């Protein structure tokens, strides 16, 4: 079946511009996660959604970052007024739920470069 | 604060040998630990889950141990193959919290 998809696969933008990254989770998965991975760094948790509950935004690095999930499916991560330090790979993952030990299925990521 | 340590240096081994990767953690009492494989330009792929009440888990050529006293997990690949070359990430979780990932260790298996 179809896995997690993300678009665009690559994005180059100028400092100060806004960008939107999209994630299509696996159908039926109620939990959706966003991570950021910088060169040589581990996965940094950003935000997660579980069903209709309020999202856990505890990992968002600044108020320039926001995310929404419409209809419990597709999610969009928005970065406003991008900075060079925002350059990274943004990974989305989904899981059946947030049950203990639930496997996360990752998309291929969006490579963001801020010039 | 929680800290997860994985060898930052790449592990180079010869085909057919057993690769052993280490994941150490501090200031954390995880209920479970997962190992993921990540290939260049791709997202991580789940390999194994081990819970705090389990000492060892096996799947084909993979074996994971979990020592909550030492706060350490070991990940073994037996009869390693060049196709096993990738970065391996450990991730810790408890209850219904999100996962905390280590930075990963790159494994290079030479023919």
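Protein chains in written order, with my numbering: chain A, 9 to 123; chain B, 334 to 444.
Ideal Cβ placement from N, Cα and C applies to all residues, glycine included.
Here the structure is a predicted model, which means the values were calculated and not measured.
Per-residue burial, residue i [other beta carbons within 10 Å of its own, 16 or more giving buried]
i, result
"residue 387(B)", "exposed"
"residue 44(A)", "buried"
"residue 36(A)", "exposed"
"residue 402(B)", "exposed"
"residue 391(B)", "exposed"
"residue 377(B)", "buried"
"residue 374(B)", "exposed"
"residue 39(A)", "buried"
"residue 352(B)", "buried"
"residue 79(A)", "exposed"
"residue 59(A)", "exposed"
Reduced DSSP secondary structure (H/G/I, E/B, other) of residue i
i, result
"residue 393(B)", "coil"
"residue 420(B)", "strand"
"residue 94(A)", "helix"
"residue 426(B)", "strand"
"residue 355(B)", "strand"
"residue 78(A)", "helix"
Member of the options whose CA lies at the smallest distance from the CA of residue i
i, options, result
"residue 5(A)", "49(A), 48(A), 33(A)", "Shown here, chain A extends from 9 to 123; a query on residue 5(A) therefore has no answer."
"residue 306(B)", "413(B), 356(B), 433(B), 423(B)", "There is no way to answer for residue 306(B), as the model of chain B reaches only from 334 to 444."
"residue 62(A)", "75(A), 52(A), 71(A)", "75(A)"
"residue 90(A)", "11(A), 29(A), 12(A)", "29(A)"
"residue 419(B)", "442(B), 398(B), 403(B)", "442(B)"
"residue 415(B)", "344(B), 340(B), 348(B)", "348(B)"
"residue 57(A)", "116(A), 121(A), 103(A)", "103(A)"
"residue 94(A)", "13(A), 19(A), 12(A), 11(A)", "19(A)"
"residue 354(B)", "360(B), 340(B), 362(B), 361(B)", "340(B)"
"residue 335(B)", "381(B), 362(B), 382(B), 439(B)", "362(B)"
"residue 115(A)", "52(A), 97(A), 78(A)", "97(A)"
"residue 439(B)", "60(A), 82(A), 50(A)", "50(A)"
"residue 69(A)", "10(A), 120(A), 52(A)", "52(A)"
"residue 404(B)", "358(B), 350(B), 417(B)", "358(B)"
"residue 397(B)", "444(B), 434(B), 343(B), 356(B)", "356(B)"
Neighbourhood of residue i by C-beta distance below 7 angstroms, restricted to the same chain and skipping five residues each side
i, result
"residue 379(B)", "367, 369"
"residue 394(B)", "410, 411, 412"
"residue 122(A)", "21, 23, 90, 91, 92, 94, 95"
"residue 437(B)", "339, 371, 420, 421, 422"
"residue 64(A)", "55, 56"
"residue 382(B)", "365, 367"
Close-in-space but distant-in-sequence residues of the same chain around residue i (CB under 8 angstroms, 5 per side omitted)
i, result
"residue 432(B)", "367, 424, 425, 426"
"residue 364(B)", "384, 385, 426, 427, 428"
Any chain C beta carbon closer than 8 angstroms to residue i
i, result
"residue 415(B)", "The chain labelled as chain C is not found among the protein chains of the depicted structure, namely A and B."
Whole-number beta carbon distance between residue j and residue i, since they are thought to touch under 8 angstroms
i, j, result
"residue 118(A)", "residue 17(A)", "6 angstroms"
"residue 67(A)", "residue 54(A)", "5 angstroms"
"residue 445(B)", "residue 371(B)", "The displayed coordinates of chain B run from 334 to 444. Any statement about residue 445(B) would go beyond what the structure contains."
"residue 12(A)", "residue 100(A)", "6 angstroms"
6 angstroms Cβ shell around residue i - same chain, five flanking residues per side excluded
i, result
"residue 15(A)", "30"
"residue 25(A)", "90"
"residue 82(A)", "32"
"residue 73(A)", "87"
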